[in-house]
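Numbering (my numbering) for the sequence shown: 761 to 849.
Backbone N, C-alpha and C define an ideal beta-carbon position, used for all residues, glycine too.
The structure under discussion appears below in the form of structure tokens.
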Amino acid sequence: MTLTDEAEKARRLARAIVSDVALYNQAKVQEGIVNDNLFEVLVEELEEGRQLYHSRVSPAIAQEHNFYDLAIVDVLIKQSGKVESEIWK
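Listed below in structure tokens is the structure:
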């Protein structure tokens with residue numbers, strides 16, 4: 761598979777990967793938000809997603825842009841804002 765060297769495609773890919781992580785791990789996401797340990801609960805899933813992202817994006821784009829980490833915030837964390845947790849207070 762060829763690596764993408766287009767920033768917009770890389771951004772969309774990152775968001776799609778993180779969206780899949782959130783979709784297939786809804787209970788873990790909720791648990792992680794409630795207990796304020798989201799990254800510990802999803803460490804394996806997020807790392808697997810990161811590896812997939814880096815396998816499909818050119819190193820130059822990956823170094824220049826922080827799309828995967830931004831997608832974690834935008835897709836995973838912000839969309840979990842409805843979950844009751846002390847971290848939102």
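- Residue pairing for V817: DSSP places it in a beta bridge opposite T764.
- By the Cβ neighbour-count rule, A770 is buried, with 16 or more other Cβ atoms within 10 Å of its own.
- In this structure, I837 keeps its C-beta atom at 8 Å or more from the C-beta atom of L812.
- DSSP places L802 in the coil class of the three-state scheme, outside both helix and strand.
- A direct Cα-to-Cα measurement between K788 and A822 gives close to 27 Å.
- Residue environment: L783 is assigned as exposed (fewer than 16 neighbouring CB atoms within 10 Å of its CB, all protein chains considered).
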